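Before any comments, here is the structure.
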Amino acid sequence: MLSKKREYKTNKSSKKSQLAIIGSLILIISGISLIAGKYLYNYYLEREEDFKIEQFYEEQKEIDTDVPEDTTEQNEETKTKLKVEYVAVIKIPKIGVEKGLCEKDAACNDVNKNIEILNDATYPDVVNGNFILAGHAGSGRTAYFKKVDELQIDDEIFVVYNGFQYKYKIVNIYDVEKTGTASIVRNKEKTTLTLITCRHNTNKQIIVVSELVETTKY
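If you read the sequence shown in the working numbering, its first letter stands for residue 594, the second for the next number, and so on.
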């Protein structure tokens, strides 16, 4: 009788151990699946972004103009021909950024989805204008400006827009308090590009001001 009781307890204990092992395996597999799923999703988005940028570059080569044209006077034929959702691409070689930018009124022109062209910004073809871009720092897939704090004076930034490549050099980097607005200190007799992002783990924003040094047909 005692032997049967011991056998019953042993079997019961064995079943509990098996269930615990199975439960642990399920949790491990679920965790791996979530991580793998997130990795594959991000990989897909990166490949999709590469494809869109390549399409954008191909269309830029087809724009037939010898001088930069102000977008306010851009003809409807050119607008219709362009099919990619991006209006420009920004390239910052030092920190490995190459990202398509959406029109101001597009849903994808949102700092939580992309690098955002601010409403007060003028496009690169506006003489003495200021092309102002905001992006997230920190971590996460949309932290496109996470390495902006590594930029230095004289580093180069490129913008491809409306059939031209605009080359800028950084002339000023400074911090401001994060209040919802940012005072941009720049030479208003120069055509400029300004980057704005948060300084990670602080209540500060980094302002990076660069000036146009060269415009070439793409």
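Built from N, CA and C at the ideal position, the CB exists for glycine as well. Fair warning: this is a prediction, and the values are worked out from it, not measured in the lab.
**Message:** Cutting at 6 Å between CB atoms, please list the residues of its own chain near Asp748, excluding the five before and the five after it.
**Reply:** Excluding residues within five positions, the ones whose Cβ falls inside 6 Å are Lys687, Ile763.
**Prompt:** Which class does Val778 belong to by DSSP, given the choice of helix, strand or coil?
**Reply:** DSSP places Val778 in coil when its eight states are reduced to three.
**Prompt:** Okay, do the stretch 773-793 and the stretch 721-741 touch, 3+ Cβ pairs below 8 Å being the bar?
**Reply:** yes
**Message:** Out of Glu642, Gly689, Lys697, Gly756, which one is the CA nearest neighbour of Thr715?
**Reply:** Lys697
**Message:** Measuring alpha carbon to alpha carbon, tell me which residue in Asp703, Ala699, Tyr754, Tyr650 is nearest Val719.
**Reply:** Tyr754
**Request:** Enumerate in chain order the residues of its own chain whose CB-to-CB distance from Lys645 is below 8 Å, with the five nearest sequence positions on each side excluded.
**Result:** Val677, Glu678, Tyr679, Gly693
**Message:** Applying the 10 Å Cβ sphere with the 16-neighbour rule, what's the burial state of Gly733?
**Reply:** With fewer than 16 other Cβ atoms within 10 Å, it is exposed.
**Prompt:** So which of Asn794, Ile614, Glu807, Gln745 has the shortest CA-CA distance to Gly731?
**Reply:** Asn794
**For Tyr650, three-class secondary structure by DSSP** = helix
**Request:** Return helix, strand or coil for Phe644, following the three-state DSSP convention.
**Result:** helix
**Asked** What are the boundary residues of the beta strand (DSSP E) that Thr809 is part of?
**Response** 797-810
**Message:** Below 8 Å on the Cβ atoms is my contact criterion, and I expect Thr790 with Ala727 to pass it. Report the Cβ-Cβ distance as a whole number of Å.
**Reply:** 7 Å
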